[in-house]
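Numbering (my numbering), first residue to last: 23 to 324. For every residue, glycine included, the Cβ atom is placed at its ideal position computed from N, Cα and C.
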């Protein structure tokens, strides 16, 4: 898995700056008829989305611990008694997949093939140890549970009256997928989009990420559900793309000028801090700049 080469370097900074603790109380938002998103969570601010079809429920991202995943099930039961048909992981990171074991009884946990590789390998264990170090309640009960249905490029999922398109779109990790529900004009983006928050880039490929967002932007959608933060309209996608393009442009300029990583961080950080001052996790900027510096320095040498 290509992300392993850099993950240790970026995780060191991630550990120092702290995990994405939820700063707001958990809430369930009815995004559309039969479509719900649980935002913020306990301890970790990641989102879980579920869609209720006339055949059963599809769950997207399973939270960070079994205890949190059980709360998702409880929330679903407040809306319907229909069975849970599928659980889907948008990528392998623990705040989106470590609740998988609670959904094993669905018999179908779906993700891109690289998610299974990561969770079965060193990346999954590394992230589990990272999350355990934050003393998140219930973390010690976590058993890494890889998806048992995987795909390579695209997968069509039919559940009752809904058709879900699962599309591989690497960027935040090499195993990202987004879900397009055309009849609802809705994109479930995972961490390809975060709402009002500097993204975590420990496994990121910025050039690919921008391409992924360009692809998503061409789809007929009006609602975008991010991996972190509240759902919204197309401005969420545009803001994320602008952040990535700015990061690429500013860092590439510094590399072309022959600047060191430290000089690049000192030059780029204040520019991004000013433009994105309302976003959470500004302390992650240095790690994002480092990731961009590593990626674009390598590309210039090749």
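Closest residue to residue i among the options (Cα-Cα distance)
i	options	result
residue 203	213, 214, 197 and 189	189
residue 138	199, 223 and 88	199
residue 182	110, 93, 74 and 210	74
residue 48	55, 62, 54 and 56	62
residue 165	312, 214, 84 and 184	84
residue 110	100, 104 and 121	121
residue 80	315, 119 and 131	131
residue 194	310, 158 and 260	310
residue 119	319, 66, 96 and 105	66
residue 314	273, 112, 72 and 159	273
residue 178	147, 153 and 133	133
residue 101	153, 60 and 207	60
residue 127	221, 105, 98 and 112	105
residue 152	53, 220 and 224	224
residue 94	125, 270 and 112	125
residue 242	207, 185 and 222	207
residue 159	308, 90 and 99	90
residue 255	293, 210 and 231	210
residue 294	68, 262, 277 and 232	262
residue 168	129, 220, 184 and 98	129
Separation of residue j from residue i, as counted between CA atoms
i	j	result
residue 144	residue 88	21 Å
residue 302	residue 218	6 Å
residue 92	residue 58	16 Å
residue 16	residue 247	No answer is possible for residue 16: it lies beyond the span of the chain, which begins at 23 and ends at 324.
residue 174	residue 162	32 Å
residue 13	residue 187	The displayed coordinates of the chain run from 23 to 324. Any statement about residue 13 would go beyond what the structure contains.
residue 147	residue 116	10 Å
residue 251	residue 172	27 Å
residue 298	residue 103	43 Å
residue 214	residue 229	12 Å
residue 275	residue 197	29 Å
residue 135	residue 191	12 Å
residue 296	residue 307	12 Å
residue 184	residue 56	11 Å
residue 50	residue 99	13 Å
Burial state of residue i, where buried means 16 or more other Cβ atoms lie within 10 Å
i	result
residue 239	exposed
residue 205	exposed
residue 155	exposed
residue 236	exposed
residue 282	exposed
residue 245	buried
residue 280	exposed
residue 317	buried
residue 267	exposed
residue 322	exposed
residue 216	buried
Start-to-end residues for the alpha helix (DSSP H) that takes in residue i
i	result
residue 248	Unbroken run through residue 248 is the beta strand (DSSP E), 245-250; no alpha helix (DSSP H).
residue 13	The chain is shown only over 23 to 324; residue 13 falls outside these bounds and no answer can be derived.
residue 293	283-297
residue 237	228-239
residue 134	Not the alpha helix (DSSP H): residue 134 falls in the beta strand (DSSP E), residues 131-134.
Close Cβ partners of residue i (< 6 Å) along its chain, the five nearest in sequence each way excluded
i	result
residue 77	181 and 182
residue 226	194 and 313
For residue i, the first and last residue of its enclosing beta strand (DSSP E)
i	result
residue 210	208-216
residue 187	184-190
residue 173	171-173
residue 148	That residue, residue 148, is in no beta strand (DSSP E); its alpha helix (DSSP H) goes 144-155.
residue 180	176-181
residue 94	Not the beta strand (DSSP E): residue 94 falls in the alpha helix (DSSP H), residues 88-101.
residue 82	79-82
Contacts around residue i, its chain only, beta-carbon distance under 7 Å, and the 5 residues preceding and following it disregarded
i	result
residue 259	215, 235, 238, 239 and 246
residue 113	137, 194, 195, 197, 198, 212 and 213
Chain D within 9 Å of residue i, Cβ atoms only
i	result
residue 260	The structure shown contains no chain D; it holds only a single protein chain.
Beta-carbon contacts of residue i that lie in its chain and below 8 Å, excluding the five residues immediately before and after
i	result
residue 269	228, 290, 294, 310, 311 and 314
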